[in-house]
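Enquirer: Residue 186 in UniProt numbering sits at position 186 of the sequence shown, with consecutive numbering throughout. We put the CB at the ideal spot given by N, CA and C, even for glycine.
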Amino acid sequence: MTVAPPAVDLGFANQSEQPGLYHSLSWSALFTYPRHEKKVAEQLLCRGVESFLPLYAEKRTWKNRQTVTLTLPLFPGYVFARFARRDRVRVMSLPGVVSIVERAGAVSSISDHYIEKLRAGIRLGRVRPFREAILGDRVQITSGPLSGLEGVLMHFRSEFRVVVSIGMIGQSVSIEVLRDEIALLPSSRERRMV
1 MTVAPPAVDL GFANQSEQPG LYHSLSWSAL FTYPRHEKKV AEQLLCRGVE SFLPLYAEKR
61 TWKNRQTVTL TLPLFPGYVF ARFARRDRVR VMSLPGVVSI VERAGAVSSI SDHYIEKLRA
121 GIRLGRVRPF REAILGDRVQ ITSGPLSGLE GVLMHFRSEF RVVVSIGMIG QSVSIEVLRD
181 EIALLPSSRE RRMV
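Here it is in structure tokens:
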């Protein structure tokens, strides 16, 4: 049995709680039909809506021993889009979009800070999907383009990785880190002492 790490606050906020957000642009997660992520991202682009589909490369070997490199969504079934609340109906009407991810009945927004950190990690090739998480120490990345992100420290195939969970969509990613790029969070120390 696998246990997912605790959800990490990635700067999500309910749009209904913030005045003036009707006209401002904010990032939201769109839930898509299976294997429609790339099509939805293309449609958003064609309609002038900024989108972000985190992708990673994975090598797979078929039965005939042929190795291929696939480009796959980091968060299967989700695309991030930046739009104003007034454009919600236009975004929802796109083929392939099932819904806009909400929390407590309100559209949840994702801070620009976390989208930029995720983009930086992907550019560096240090972000991979992480589906089988176990509990570990909570840490914060202290240096590099991903500094400030918090997650659970894992050890996988002789490398250290920080697992960052996006609780709103029930997905996690693991980020490769060097041992000197992280610091233990005080809450982890307290938990270990008990």
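1) Looking only at C-alpha atoms, which of 47, 79, 119, 50 sits nearest to residue 197?
2) Suppose contacts are defined by Cβ-Cβ distances below 8 Å. Is residue 162 in contact with residue 141 by that definition?
3) Taking C-alpha atoms, which residue in 61, 75, 83 lies nearest to residue 50?
4) Quick one, which of 114, 144, 57, 154 has its alpha-carbon nearest residue 26's?
5) When you compare each of 39, 112, 160 to residue 180 by their alpha carbons, which one comes out closest?
6) Assuming residue 107 is part of the beta strand (DSSP E), what are its boundary residues?
7) DSSP on residue 115, reduced to helix/strand/coil?
8) Residue 94 by DSSP, collapsed to three states: which one?
9) Note down, in chain order, each residue of its chain lying with its Cβ closer than 7 Å to the Cβ of residue 33, except the 5 sequence neighbours on either side.
10) Counting along the chain, where does the alpha helix (DSSP H) carrying residue 246 start and finish?
11) So what does DSSP say about residue 101, is it helix, strand or coil?
Expert: Quick look at the numbers:
1) Given a span of 1 to 194 for the chain in the structure shown, any question on residue 197 remains unanswerable.
2) What you label residue 162 is simply residue 162 of the sequence shown in a count that begins at 1. What you label residue 141 is simply residue 141 of the sequence shown in a count that begins at 1. Their beta carbons are under 8 Å apart, which means residue 162 touches residue 141 by this criterion.
3) Position 50 of the sequence shown, counted from the start, is the residue given in the question as residue 50. When only C-alpha atoms are compared, the closest one is 83.
4) On the sequence shown, residue 26 is found 26 positions in, with the first residue counted as 1. It is 114.
5) One-based indexing of the sequence shown puts residue 180 at position 180. When only C-alpha atoms are compared, the closest one is 160.
6) Translated into positions along the sequence shown, residue 107 becomes position 107. Segment 106-109, the beta strand (DSSP E) holding residue 107.
7) The residue you call residue 115 lines up with position 115 of the sequence shown. Here residue 115 sits in helix by DSSP.
8) Locating residue 94 in the sequence shown gives position 94, where the first residue counts as 1. DSSP places residue 94 in coil when its eight states are reduced to three.
9) Translated into the one-based positions of the sequence shown, residue 33 becomes position 33. Leaving aside the five residues that flank residue 33 on each side, the residues in its chain whose CB is nearer than 7 Å to its CB run, in chain order, 96, 98.
10) What is shown of the chain runs 1 to 194, which leaves residue 246 out entirely.
11) For the purposes of this step, residue 101 is taken as the residue at position 101 of the sequence shown. Coil.
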